[in-house]
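In the UniProt record's numbering, the protein residues as written are 1 to 99. Below is one structure; the comments refer to it alone.
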(Lines of atoms letter the chains of each structure in order from A and count residues from 1; the text may use other names and numbers.)
(Lines give C-alpha, C1' and ligand atoms only; values in the text may rest on other atoms or scores of the structure.)
Protein backbone atom coordinates (compact mmCIF):
# COMPACT_ATOMS: atom_id res chain seq x y z
CA UNK A 1 0.00 0.00 0.00
CA UNK A 2 1.47 3.37 -0.95
CA UNK A 3 0.21 5.15 2.17
CA UNK A 4 -1.00 4.03 5.55
CA UNK A 5 -4.53 4.95 6.49
CA UNK A 6 -4.66 7.31 9.41
CA UNK A 7 -7.39 7.24 12.05
CA UNK A 8 -9.77 10.08 11.36
CA UNK A 9 -8.42 11.31 8.03
CA UNK A 10 -10.71 10.09 5.23
CA UNK A 11 -8.89 7.62 3.01
CA UNK A 12 -9.94 6.25 -0.36
CA UNK A 13 -8.60 2.72 -0.83
CA UNK A 14 -8.16 1.78 -4.48
CA UNK A 15 -8.02 -2.01 -4.80
CA UNK A 16 -6.50 -2.99 -8.14
CA UNK A 17 -4.49 -5.60 -10.01
CA UNK A 18 -1.80 -4.95 -12.60
CA UNK A 19 -3.49 -7.37 -15.04
CA UNK A 20 -6.92 -5.69 -14.74
CA UNK A 21 -7.89 -3.51 -17.73
CA UNK A 22 -10.71 -1.61 -15.96
CA UNK A 23 -8.20 -0.86 -13.16
CA UNK A 24 -5.94 0.78 -15.74
CA UNK A 25 -8.88 2.90 -16.93
CA UNK A 26 -9.78 3.94 -13.37
CA UNK A 27 -6.25 4.72 -12.20
CA UNK A 28 -5.84 8.15 -13.90
CA UNK A 29 -9.34 9.09 -12.70
CA UNK A 30 -8.36 8.32 -9.10
CA UNK A 31 -5.10 10.24 -9.64
CA UNK A 32 -7.12 13.30 -10.71
CA UNK A 33 -9.44 12.95 -7.72
CA UNK A 34 -6.43 12.64 -5.41
CA UNK A 35 -5.13 15.96 -6.75
CA UNK A 36 -8.48 17.78 -6.72
CA UNK A 37 -9.59 16.52 -3.30
CA UNK A 38 -6.20 16.48 -1.57
CA UNK A 39 -7.46 18.66 1.29
CA UNK A 40 -10.45 16.36 1.90
CA UNK A 41 -8.97 12.86 1.66
CA UNK A 42 -5.91 10.80 0.98
CA UNK A 43 -5.64 7.91 -1.45
CA UNK A 44 -4.02 4.55 -0.79
CA UNK A 45 -3.55 2.03 -3.59
CA UNK A 46 -3.80 -1.66 -2.74
CA UNK A 47 -2.49 -4.28 -5.18
CA UNK A 48 -4.68 -7.32 -4.45
CA UNK A 49 -1.93 -9.70 -5.56
CA UNK A 50 0.54 -8.22 -3.06
CA UNK A 51 -1.79 -7.31 -0.18
CA UNK A 52 -3.83 -10.49 0.32
CA UNK A 53 -4.48 -9.68 3.99
CA UNK A 54 -6.10 -6.32 3.23
CA UNK A 55 -7.95 -7.77 0.25
CA UNK A 56 -9.42 -10.45 2.51
CA UNK A 57 -10.13 -8.05 5.37
CA UNK A 58 -12.16 -5.79 3.06
CA UNK A 59 -13.79 -8.79 1.33
CA UNK A 60 -12.76 -7.63 -2.14
CA UNK A 61 -14.35 -9.96 -4.69
CA UNK A 62 -13.68 -7.96 -7.88
CA UNK A 63 -11.42 -5.16 -9.07
CA UNK A 64 -11.36 -2.29 -9.38
CA UNK A 65 -13.02 -1.61 -6.04
CA UNK A 66 -12.93 1.71 -4.21
CA UNK A 67 -13.55 1.86 -0.46
CA UNK A 68 -13.85 5.16 1.40
CA UNK A 69 -12.84 4.97 5.06
CA UNK A 70 -13.41 7.60 7.76
CA UNK A 71 -12.72 7.14 11.47
CA UNK A 72 -11.69 3.55 10.64
CA UNK A 73 -15.21 2.86 9.31
CA UNK A 74 -16.20 2.07 5.75
CA UNK A 75 -18.59 4.80 4.61
CA UNK A 76 -18.78 4.12 0.86
CA UNK A 77 -17.84 1.40 -1.63
CA UNK A 78 -17.99 1.01 -5.40
CA UNK A 79 -16.84 -1.77 -7.71
CA UNK A 80 -16.14 -0.92 -11.33
CA UNK A 81 -15.18 2.18 -13.28
CA UNK A 82 -16.70 5.59 -12.60
CA UNK A 83 -16.23 8.85 -14.47
CA UNK A 84 -14.21 11.48 -12.65
CA UNK A 85 -17.28 13.69 -12.10
CA UNK A 86 -19.39 10.79 -10.79
CA UNK A 87 -16.61 9.66 -8.46
CA UNK A 88 -16.07 13.18 -7.11
CA UNK A 89 -19.82 13.61 -6.53
CA UNK A 90 -20.11 10.24 -4.77
CA UNK A 91 -17.12 10.94 -2.52
CA UNK A 92 -18.28 14.43 -1.61
CA UNK A 93 -21.74 13.09 -0.83
CA UNK A 94 -20.36 10.28 1.36
CA UNK A 95 -18.02 12.64 3.20
CA UNK A 96 -20.71 15.27 3.81
CA UNK A 97 -23.09 12.65 5.20
CA UNK A 98 -20.59 11.76 7.94
CA UNK A 99 -20.18 13.79 11.17
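Beta carbons are placed, not taken as given, at the ideal position from N, Cα and C, and that holds for glycine.
{"query": "In this structure, does DSSP put residue 44 in helix, strand or coil?", "result": "strand"}
{"query": "By the three-class DSSP mapping on this structure, what secondary structure does residue 10 have?", "result": "coil"}
{"query": "Grab me the residues of residue 15's own chain with a C-beta within less than 6 angstroms of its C-beta, minus the 5 sequence neighbours each way, in chain order.", "result": "46, 48, 60, 63, 65"}
{"query": "Give me the Cβ distance between residue 41 and residue 82, rounded to the nearest whole Å; I'm assuming they're in contact under 8 angstroms.", "result": "Actually they are not in contact, since the Cβ atoms of residue 41 and residue 82 sit about 15 angstroms apart, beyond 8 angstroms."}
{"query": "Checking the sheet assignment: what are the DSSP bridge partners for residue 51?", "result": "For residue 51, which the question treats as bridged, DSSP gives no partner whatsoever."}
{"query": "Roughly how far, in whole angstroms, is the beta-carbon of residue 18 from the beta-carbon of residue 69, given that I think they are within contact range, below 8 angstroms?", "result": "About 23 angstroms; that fails the 8 angstroms criterion."}
{"query": "Have a look at residue 44 and residue 13 and give me their C-alpha separation to the nearest angstrom.", "result": "5 angstroms"}
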